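To start, the structure itself, in structure tokens.
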Amino acid sequence: MRVALNLEQLLQQPPGGIGRYVAALARLLPGARNNGGVELIPFVARHDVVDIATALGEHGLSDRQVVVTRLPRPLLYDAWNVLGRPALASESPRLRDLDVVHAPSVAVPPRQDGAALVVTVHDAAPIVFPETYPRRGRWFHRRGFDAAARRADLVITVSEAAADEITSHTSIERERIRVVHHGIGLTMSDEAAVDAARALIGVDEPKVLWTGTFEPRKNVDVLIEAFGRLVASDPALPHRLVLIGPRGWRGAARSAVASASALGARVVLPGPVPHQVLRPLYRGAAVFAFPSIHEGFGLPVLEALSQGAAVLSADVAALREVAGDAATFVPPDDPDAWADALGRVLRSDDAERTVCSTAAIARAAQFSEQRFVDATVAVYREAIEVARS
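What the sequence shown shows, in this note's numbering, is residues 482 to 870, in sequence order.
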């Protein structure tokens with residue numbers, strides 16, 4: 482089975498959850514035990530500034546086998562979604578005679594003779610929460626949703642909650658959507674890695690951790706306000722709030738910095754850190770807090786669970802689907818409720834923490850990487866049959 486996969490998201494800043502999704506596909510698909518011999522043909526758009534080799538290397542991937550298109554990313558994506566061209570086959574002989582083309586986001590290439598087209602739509606947030614996206618982002622996603630509805634043989638999404646949302650807010654039909662949850666490895670970080678990660682960000686004290694891209698849906702200001710109320714009511718708490726991630730859009734990072742300034746050294750903003758550092762930071766956190774008003778899946782929650790972290794999650798459908806009974810759910814817009822929940826977790830005893838950690842790891846084990854890649858290959862096979870029918 483010859484599968485063309487767009488790796489373009491790995492070159493973007495920030496790559497975000499979609500970038501992690503793409504990196505997992507590129508790493509896991511060639512070794513999938515039931516793949517029947519998947520030959521992966523990765524491709525990216527032309528970049529005149531980004532060093533493609535370096536960007537892919539940060540995700541453990543080589544640029545040697547990657548096809549680079551002639552058009553740069555903005556032009557290529559707009560040409561695909563609006564005009565339905567250029568064809569991938571025109572970019573390289575390696576992109577001919579394909580069985581599947583997989584678009585892991587709503588940059589949707591034109592259909593190709595003999596190849597099934599699979600598109601991953603992660604959510605419909607730009608339609609459901611348009612105020613949280615810049616105008617260009619809203620326009621691009623609407624075009625992409627329409628292109629996916631017209632061209633895709635099957636659409637993958639990452640949760641049942643996202644499938645319901647996509648069906649309600651786009652023209653993509655529910656019968657063409659297949660849910661494939663993200664997968665996660667269960668390698669536990671050791672104490673040496675935890676200590677090294679703490680040293681890297683300069684935080685020895687116990688920490689409340691948040692990770693993600695600073696953008697409006699992540700609702701970081703509510704967490705900062707809640708943490709401020711908690712330490713004001715109990716100054717003896719030694720904890721610091723650590724907010725890790727790249728700047729996004731709509732001034733969310735500036736807002737977080739402004740909110741955090743009132744708390745001084747209690748709040749630490751290290752910026753983005755490599756994924757290999759994130760894992761031990763989850764492991765060493767007193768609690769991972771994730772107050773998003775909306776998620777298609779919520780990969781940081783699964784990552785935190787996989788490291789046995791106590792998780793406080795916003796009470797939204799996708800996050801309940803992911804965390805099950807292994808997290809405590811809090812209304813996303815209630816700082817007092819977040820302050821109370823943080824206080825309860827931070828004051829819990831060793832026995833309570835052990836129970837919480839055991840439940841977290843057990844929940845994460847239900848989202849194995851093997852299950853993720855097997856389900857993805859199954860969608861490819863089904864899409865090939867749909868394309869032939």
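Just so you know, even glycine gets a beta-carbon here, dropped at the ideal spot from N, CA and C. Source: prediction; values computed, not measured.
Under the three-state reduction of DSSP, which class applies to R508: helix, strand or coil?
helix
Can you tell me where the beta strand (DSSP E) holding E520 begins and where it ends?
520-527
Classify L668 as buried or exposed, calling it buried when 16 or more other Cβ atoms lie within 10 Å of its own Cβ.
The displayed chain sequence assigns Thr, not Leu, to residue 668. Result: exposed.
Would you list the one or two residues that DSSP bridges to G875?
With the chain covering 482 to 870 only, the question about residue 875 has no answer from this structure.
According to DSSP, is F810 helix, strand or coil?
Strand, per DSSP.
Which of helix, strand or coil does DSSP assign to F621?
The answer is helix: DSSP assigns F621 an H, G or I state.
Note down, in chain order, each residue of its chain lying with its Cβ closer than 7 Å to the Cβ of R483, except the 5 sequence neighbours on either side.
The beta carbon of R483 sits closer than 7 Å to the beta carbons of E520, I522, D578, L579, D580 from its chain, once the five residues preceding and following it are set aside; these are given in chain order.
Can you tell me the Cβ-Cβ gap for I658 and T648, rounded? I've got them flagged as a contact below 8 Å.
7 Å
Can we count D830 as close to the ligand MN, meaning its CB is less than 7 Å from some heavy atom?
What this structure holds is no ligand at all, so the ligand MN is not there to describe.
If you drop the 5 nearest sequence neighbours on each side, which residues of the same chain put their C-beta closer than 8 Å to that of L553?
Looking at the sequence itself, residue 553 is Pro, so the reference to Leu does not match. The residues are A526, R527, H528, D529.
Just the C-alpha distance for D715 and D821, rounded to the nearest angstrom, thanks.
11 Å
Closest to R566 by C-alpha separation, out of L556, F771, P755, would be which residue?
Answer by Cα proximity: L556.
Report yes if the C-beta distance between I705 and A737 is below 8 Å; otherwise report no.
In contact: I705 and A737 (Cβ atoms closer than 8 Å).
Could you give the C-beta distance for W591 and A568, rounded to a whole number, given that I count them as a contact under 8 Å?
For clarity, residue 591 is Pro in the given sequence; the question names Trp instead. That pair is a contact at about 6 Å.
Does the Cβ of Q593 have 16 or more other Cβ atoms within 10 Å, making it buried, or fewer, making it exposed?
Answer is buried; the Cβ neighbour count reaches 16.
Should A633 and V599 be called a contact, given that it needs their Cβ atoms to be closer than 8 Å?
yes
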